[in-house]
Amino acid sequence: MTPAIDMAKKHKIDFKVHEYQHDASNESYGLEAAQKLALPAEQVFKTLVVSLDNQTLAVAVVPVSSMLSMKLMAKAAGAKKAHMAEAATVERSSGYVLGGVSPLGQKRRLATVIDASAQQFEHIYVSAGKRGLDISLNPDDLQRLLNATFADICA
989 MTPAIDMAKK HKIDFKVHEY QHDASNESYG LEAAQKLALP AEQVFKTLVV
1039 SLDNQTLAVA VVPVSSMLSM KLMAKAAGAK KAHMAEAATV ERSSGYVLGG
1089 VSPLGQKRRL ATVIDASAQQ FEHIYVSAGK RGLDISLNPD DLQRLLNATF
1139 ADICA
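All residue numbers for the sequence shown refer to this note's numbering, where the first residue is 989 and numbers rise by one.
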């Protein structure tokens, strides 16, 4: 089990775990998950950690088929600017390795924004806390668990 799966179990939400064989040479973790699980890329979401202008971190959950808009993310997080957090900062803050960062069960709970496109699906897929492992759940359950907001944050 991972902290992400433990969190979902603890809060008794409906979820499923999906495992696939991760190819270590593949650096596009989210697209790899969509391909290996035979899912539309719009339904598989990646977890990105950004640094805001006030030196705080925030989490963006966006489809693997899309690019995060730093301008829209900053606005949704109530900041003027946002940029991608450094890899070491992401791993230290979340407790996960890159490619396996889950929005669930992070060491420090950060303000989280989920792209509004998630609301069109009954279930979305996010990392379950390690490469080759995803969890599917209702986007509203994810929003409640993380006290997140939905906003249009893709370019």
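The C-beta atom is built at its ideal place from N, Cα and C for all residues, glycine as well.
Closest by C-alpha distance to V1101, when choosing among S1124, D1122, G1088, A1067: Nearest to V1101 by C-alpha distance, out of S1124, D1122, G1088, A1067, is A1067.
I993 - containing beta strand (DSSP E), residue span: In the DSSP assignment, I993 falls outside any beta strand (DSSP E) and within the unbroken alpha helix (DSSP H) covering 991-998.
Beta bridge counterpart(s) of T1035 as assigned by DSSP: Residue pairing by DSSP places T1035 opposite V1049 in a beta bridge.
Whole-angstrom distance between V1049 and H1010, CA atom to CA atom: If you draw a straight line from the Cα of H1010 to the Cα of V1049, it comes to about 21 Å.
Which listed residue (L1133, A1073, S1013, A1104) has its alpha carbon closest to that of G1093: From the listed residues L1133, A1073, S1013, A1104, the smallest Cα separation to G1093 is found for L1133.
Runs of alpha helix (DSSP H) lying entirely within the stretch 1088-1138, each at least 4 residues, in chain order: Runs found: 1127-1134.
Residue closest to A1026, alpha-carbon to alpha-carbon, out of T1137, D1122, F1138: Ranked by how close their Cα comes to the Cα of A1026, the residues T1137, D1122, F1138 have D1122 in first place.
Paired residues, beta bridge with S1072 - DSSP: Looking at the sequence itself, residue 1072 is Met, so the reference to Ser does not match. Looking at the DSSP assignment, M1072 forms a beta bridge with V1038.
Contact the stretch 1099-1116 vs the stretch 1042-1060: 3+ CB pairs below 8 Å: For the pair of segments examined, the stretch 1099-1116 was found to touch the stretch 1042-1060: the number of CB pairs separated by less than 8 Å reaches three.
Nearest-angstrom Cα separation, counted from D994 out to H1006: Rounded to the nearest whole angstrom, the C-alpha separation of H1006 and D994 is 15 Å.
Check whether A1076 and V1038 have beta carbons under 7 Å apart: No; because the gap between Cβ atoms is not below 7 Å, this pair is not in contact.
Host alpha helix (DSSP H) of E1020 (start-end): Looking at the DSSP string, the run of the alpha helix (DSSP H) that includes E1020 is 1017-1024.
Short Cβ contact (7 Å threshold) for S1081 with L1125: For S1081 and L1125, no; Cβs fall outside 7 Å.
Bridge partners - H1006, DSSP secondary structure assignment: According to DSSP, H1006 bridges with D1122.
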